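In UniProt numbering, the protein residues as written are 1 to 124.
Each residue gets a CB set at the ideal place from its N, CA and C atoms; glycine is no exception.
In this text the structure is predicted, and so the values were computed from the model without any measurement.
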Amino acid sequence: MKIFGIIVVTIGCILLQGCDTQETKVVKYMKCRLAVDEIGDQQAKVNFRMNGVTSVFGDEIPKMSGYDSMRLQQEARDDLKMDVPNKRLSVENLIDEYEKSYCADIHQSPQKEKIKELKYILNL
Numbered sequence: 001m002k003i004f005g006i007i008v009v010t011i012g013c014i015l016l017q018g019c020d021t022q023e024t025k026v027v028k029y030m031k032c033r034l035a036v037d038e039i040g041d042q043q044a045k046v047n048f049r050m051n052g053v054t055s056v057f058g059d060e061i062p063k064m065s066g067y068d069s070m071r072l073q074q075e076a077r078d079d080l081k082m083d084v085p086n087k088r089l090s091v092e093n094l095i096d097e098y099e100k101s102y103c104a105d106i107h108q109s110p111q112k113e114k115i116k117e118l119k120y121i122l123n124l
């Protein structure tokens, strides 16, 4: 009986981990989209629209309710500190997100000069 309980708990943990992974991917996608929308150039935005969903999710696009989508969107905004009065922190987080490898693979537009300018302004 104990073995059966251990197996059930293990399977439950694996299933929950799979759900969490999907939500984590959605939040990563949304954070990258926010960064591209805020500091990306036109080419980055076009590349994101063309490559974003398939780069993050592959062929398995997540199906979720409108409520879950809004909740995860707010989680992404909270992670990036988009709604706090300290916009400096928000810009720093957007730059960090924009430069992350998975996000750079999607937008394919490094904008080294613009990012360098933003970092310089933040350090004043």
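- Of the listed residues Ser-90, Gln-74 and Glu-75, nearest to Lys-81 (C-alpha basis): Numbered from 1 along the sequence shown, position 81 holds the residue referred to as residue 81. When only C-alpha atoms are compared, the closest one is Ser-90.
- Could you say if the region 59-72 and the region 107-124 meet the contact criterion of at least three C-beta pairs nearer than 8 Å? no
- Nearest to Gln-22 (by Cα), restricted to the options Ile-121, Lys-45, Cys-32 and Met-64: Mapped onto the sequence shown, residue 22 falls at position 22. For Gln-22, the nearest C-alpha among the options comes from Met-64.
- Query: Are Leu-34 and Arg-88 touching if we call contact CB-CB under 8 Å?
  - Reply: Here residue 34 refers to the residue found at position 34 of the sequence shown. Here residue 88 refers to the residue found at position 88 of the sequence shown. No, Cβ-Cβ distance for Leu-34 and Arg-88 is not below 8 Å.
- Task: Taking 8 Å as the cut-off, decide whether the C-beta atoms of Asp-41 and Ser-109 are in contact.
- Result: On the sequence shown, position 41 is the one that residue 41 refers to. On the sequence shown, position 109 is the one that residue 109 refers to. Cβ distance < 8 Å, so Asp-41 and Ser-109 count as in contact.
- Message: If distances are taken between C-alpha atoms only, which option among Gln-74, Val-26 and Asp-83 comes closest to Ser-55?
- Response: As a first step, residue 55 must be located in the sequence shown, where it is residue number 55. Closest option to Ser-55, Cα to Cα, is Val-26.
- Message: Going by C-alpha to C-alpha distance, which of Ala-44, Met-50, Cys-103 and Glu-92 sits closest to Asn-123?
- Response: Here the question's residue 123 lines up with position 123 in the sequence shown. Ranking Ala-44, Met-50, Cys-103 and Glu-92 by Cα distance to Asn-123 puts Glu-92 first.
- Item | Pick from Gln-43, Ile-95, Ala-104 and Tyr-102 that is closest to Tyr-120, judged by C-alpha positions | Mapped onto the sequence shown, residue 120 falls at position 120. Of the candidates Gln-43, Ile-95, Ala-104 and Tyr-102, the one whose C-alpha sits nearest the C-alpha of Tyr-120 is Ile-95.
- Status (buried if at least 16 other CB within 10 Å, exposed otherwise) for Met-50: Residue 50 sits at position 50 when you count from the first residue of the sequence shown. Met-50 should be labelled exposed.
- Under 8 Å between the Cβ atoms of Cys-32 and Glu-75? The residue you call residue 32 lines up with position 32 of the sequence shown. The residue you call residue 75 lines up with position 75 of the sequence shown. No.
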